[in-house]
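Trainee:
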Amino acid sequence: MPTRVLIVDDDSFARQVYGDCLAEAGHEIVTAKDAADATAALDAAGTFDVVIADLVLPGPDGFSVLADAKRRDPGVEVIVITAVDRVDPAVRAMKSGAADYLVKPVAPEALVLSVSRCIATRQLLQENALLRQHLALVETGQRLATSLDRERLFPMALKALVDALGAKAALLVAKGTDGRLAHAAHEGLADEESRTIALEALAALSAEKERRLEEIQAGGRTWRLLWAEDAGQVQGACLLKEPTSLAMAWSNAQFLARHLAIALVNLRRLTEFEDLVYLDDLTKLHNLRYLQVALDREINGSRQTGSPFSVLFLDLDRLKAINDTHGHLVGSKLLVEIAGLLKASVREVDTAVRYGGDEYVLLLRHTDTGGALKVAERIRRAVESHRFLSGEGLNLTLTVCIGVASYPEHARDKIAILDCADRAMYRGKQTTRNVIYVASPAGPGPAAQPVTPTGS
0 MPTRVLIVDD DSFARQVYGD CLAEAGHEIV TAKDAADATA ALDAAGTFDV VIADLVLPGP
60 DGFSVLADAK RRDPGVEVIV ITAVDRVDPA VRAMKSGAAD YLVKPVAPEA LVLSVSRCIA
120 TRQLLQENAL LRQHLALVET GQRLATSLDR ERLFPMALKA LVDALGAKAA LLVAKGTDGR
180 LAHAAHEGLA DEESRTIALE ALAALSAEKE RRLEEIQAGG RTWRLLWAED AGQVQGACLL
240 KEPTSLAMAW SNAQFLARHL AIALVNLRRL TEFEDLVYLD DLTKLHNLRY LQVALDREIN
300 GSRQTGSPFS VLFLDLDRLK AINDTHGHLV GSKLLVEIAG LLKASVREVD TAVRYGGDEY
360 VLLLRHTDTG GALKVAERIR RAVESHRFLS GEGLNLTLTV CIGVASYPEH ARDKIAILDC
420 ADRAMYRGKQ TTRNVIYVAS PAGPGPAAQP VTPTGS
């Protein structure tokens, strides 16, 4: 593209000479005879690469032309020309942003050289600005791709996409650990409005089986879709209201979307790894490490809401006899089958843990002692009536002792509540077995009380 030069001079001969020599050098020329004419040219033609202005003009002088050009485009290069060979105007012009100062008469070669220097400077500054933009884009992409904080990632990614495309509002849906798209974040929308739009959008995307739609209807308006993909697999999508259609802006946004997809894949892998860290290898129940986390969560939640929770501590009766008779492999299979019974006996919001050996712990959310006793009795009866390893022809029978303790009735910290439930369970082991004991409230008195009859 030829560079565009605006020449402002009240001398028509000077305009002709300057214009001819610069046109011959390959520049596109527009001329003006005064400041008003220059303003009209700037209004009509937009930005110029270089403005050449005589300082002495009828009406507003060349300094006003310099100021007007710089106000419109701070990066424009301005060369001032004057017949006044004094230092003061030169200094003032340079302080006002002029790139060069030439004294009449100006040789065509000197003018062409000055314009060439100005254009080279302008191009260098533009390239530097573009490089800074690209660097900022790369840095943003790296921050997205390396983020392992889901709560921080989604707002950060959505803001970056909105900024890149100048959208008036946006909504982000992303794949969770279950592999399904779900509402992740929104910007420029009220919470309730965003939920409504997300539900409609997700229903539409599900009907299309994630076909790469370019637009979608939701919430009574049209949304442009930007897909976040990694290795050809959709990891999320951004719904955008009135984004720019500029190719460069979409290219930048797609670059960021790819890095968001990488982050989503990494988050899912991290979650899977964390799940393995918190799972018991044999039973696939949660392990003791996870129990510590869950108890901290419940205690903090209960302190804020006043809602109770309960702990059941379970120990299998006479498992050693089964191991001695049938071998430890059968015993291990029995532990797995017990785990299945326990998971089936509690809600999804509750936590089932293999504490160690043949001991299990159940953490019952929002459950007081009365509710916990009902769950404990249901489990006790289920274990007592079950025939274990019947598929292998063994039909083994088993019973269990259960200790019950509740927060805050029996204890107010995680060590104490586990200890209370454990002691209550142990009381059953010392008596009849196949029994439930509930911990006593803090203070003097027996450590636990039986709540089921012996020998059901």
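At position 75 of the sequence shown the residue is numbered 74 (numbering that gives the first Met the number 0), and the sequence of numbers has no breaks.
Backbone N, C-alpha and C fix where the C-beta goes; we use that ideal spot for every residue, glycine too.
Since this is a predicted model, take the numbers as computed values, not measurements.
Does residue 234 pass the burial test, meaning 16 or more other C-beta atoms within 10 Å, or should it be called exposed?
Mentor: As a position in the sequence shown, residue 234 is number 235, starting the count at 1. Buried, by the Cβ-count rule.
Trainee: Return the CA-CA distance between residue 41 and residue 242, expressed in angstroms with no decimal places.
Mentor: Your numbering for residue 41 matches position 42 in the sequence shown. Your numbering for residue 242 matches position 243 in the sequence shown. Looking at the two C-alpha atoms, the distance is approximately 29 angstroms.
Trainee: For residue 157, count neighbouring Cβ atoms within 10 angstroms of its own Cβ and tell me buried if that reaches 16, exposed if not.
Mentor: Residue 157 sits at position 158 when you count from the first residue of the sequence shown. Buried, because 16 or more other Cβ atoms sit within 10 Å of the Cβ of residue 157.
Trainee: Write down every uninterrupted run of the beta strand (DSSP E) in the segment 47-93 whose length is 3 residues or greater and which is fully enclosed by it, in chain order.
Mentor: Here the runs fully enclosed are 49-53 and 76-81.
Trainee: From residue 154 to residue 259, what does the alpha carbon distance come to, in whole angstroms?
Mentor: As a working note, residue 154 is residue 155 in the sequence shown. As a working note, residue 259 is residue 260 in the sequence shown. Approximately 11 angstroms, taken between the alpha carbons.
Trainee: Who are residue 184's beta bridge partners in DSSP?
Mentor: Walking along the sequence shown from the start, residue 184 turns up at place 185. Answer by DSSP bridge pairing, in chain order: 171.
Trainee: Would you mind listing the beta strand (DSSP E) stretches within the segment 206-284 that are 3+ residues and don't spill past its ends, in chain order?
Mentor: Whole beta strand (DSSP E) segments, 3+ residues: 214-217, 220-229 and 232-240.
Trainee: Return helix, strand or coil for residue 347, following the three-state DSSP convention.
Mentor: Position 348 of the sequence shown, counted from the start, is the residue given in the question as residue 347. If DSSP states are grouped into helix, strand and coil, residue 347 belongs with coil.
Trainee: At 3 residues or longer, and completely inside the segment 352-424: list those beta strand (DSSP E) runs for me, N to C.
Mentor: Taking only runs of at least 3 residues, the beta strand (DSSP E) segments lying wholly in the segment 352-424 are 358-363 and 399-406.
Trainee: Using beta-carbon positions only, say whether residue 54 and residue 45 come within less than 8 angstroms of one another.
Mentor: If you number the sequence shown from 1, residue 54 lands on position 55. If you number the sequence shown from 1, residue 45 lands on position 46. Not closer than 8 angstroms, so no.
Trainee: What are the boundary residues of the alpha helix (DSSP H) that residue 121 is part of?
Mentor: The count along the sequence shown starts at 1 and reaches residue 121 at position 122. From DSSP, the alpha helix (DSSP H) with residue 121 extends over 107-145.
Trainee: Do you know offhand how far residue 329's Cα is from residue 322's?
Mentor: In the sequence shown, the residue the question calls residue 329 occupies position 330. In the sequence shown, the residue the question calls residue 322 occupies position 323. Spanning the two alpha carbons is a distance of roughly 7 angstroms.
Trainee: Quick check on this structure: which residue in 129, 221 and 127 has the alpha carbon closest to the alpha carbon of residue 456?
Mentor: Within the shown structure, residues of the chain are numbered from 0 to 455, placing residue 456 beyond reach of any answer.
Trainee: How big is the Cα-Cα spacing for residue 335 and residue 197?
Mentor: Mapped onto the sequence shown, residue 335 falls at position 336. Mapped onto the sequence shown, residue 197 falls at position 198. Roughly 40 angstroms separates the two Cα atoms.
Trainee: For residue 302, collect the residues of the same chain with a Cβ closer than 6 angstroms to its Cβ; drop the 5 residues on either side in sequence, then sort them by chain order.
Mentor: Counting from 1 along the sequence shown, the entry for residue 302 is found at position 303. Closer than 6 angstroms at Cβ, skipping near neighbours: no residue.
Trainee: Strictly by DSSP, which residues pair up with residue 27?
Mentor: Taking the first residue of the sequence shown as 1, we reach residue 27 at position 28. Per DSSP, 3.
Trainee: For the segment 8-22 against the segment 105-117, are there 3 or more C-beta pairs whose distance is under 8 angstroms?
Mentor: Cβ pair count under 8 angstroms is three or more, so yes.
Trainee: Among 311, 300, 333 and 96, which residue has its Cα nearest to the Cα of residue 320?
Mentor: Translated into the one-based positions of the sequence shown, residue 320 becomes position 321. Checking every option, the nearest Cα to that of residue 320 belongs to 333.
Trainee: If you reduce the DSSP assignment to three classes, tell me which class residue 159 lands in.
Mentor: As a first step, residue 159 is located in the sequence shown; it is residue number 160 there, counting from the start. Residue 159 falls in the helix class under three-state DSSP.
Trainee: Looking only at DSSP bridge pairs, what is residue 99 linked to?
Mentor: Position 100 of the sequence shown holds residue 99. Paired residue(s): 78.
Trainee: Can you tell me whether residue 154 is helix, strand or coil according to DSSP?
Mentor: Within the sequence shown, the letter at position 155 stands for residue 154. Residue 154: helix per DSSP, three-state reduction.
Trainee: Since residue 139 contacts residue 255 with CB under 8 angstroms, what's their CB separation in whole angstroms?
Mentor: Locating residue 139 in the sequence shown gives position 140, where the first residue counts as 1. Locating residue 255 in the sequence shown gives position 256, where the first residue counts as 1. Between residue 255 and residue 139 the Cβ distance is about 6 angstroms, and since that is below 8 angstroms, they are a contact.
Trainee: I want to see whether chain B comes within less than 8 angstroms of residue 260, judged by CB atoms only; does it?
Mentor: The displayed structure is made up of one protein chain only, and chain B is not part of it.
Trainee: Using DSSP's beta-bridge definition, name the partner residues of residue 435.
Mentor: Residue numbering aside, residue 435 sits at position 436 when the sequence shown is read from its first letter. Its beta-bridge partners are 401.
Trainee: Is it the case that the Cβ atoms of residue 437 and residue 423 are separated by a distance below 8 angstroms?
Mentor: Against the sequence shown, residue 437 aligns to sequence position 438. Against the sequence shown, residue 423 aligns to sequence position 424. Contact flag set, yes.
Trainee: Between residue 180 and residue 204, how many whole angstroms is the CB-CB distance? I'm expecting something under 8 angstroms.
Mentor: To locate residue 180, count along the sequence shown from 1; it is residue 181. To locate residue 204, count along the sequence shown from 1; it is residue 205. Right, their Cβ atoms sit about 6 angstroms apart.
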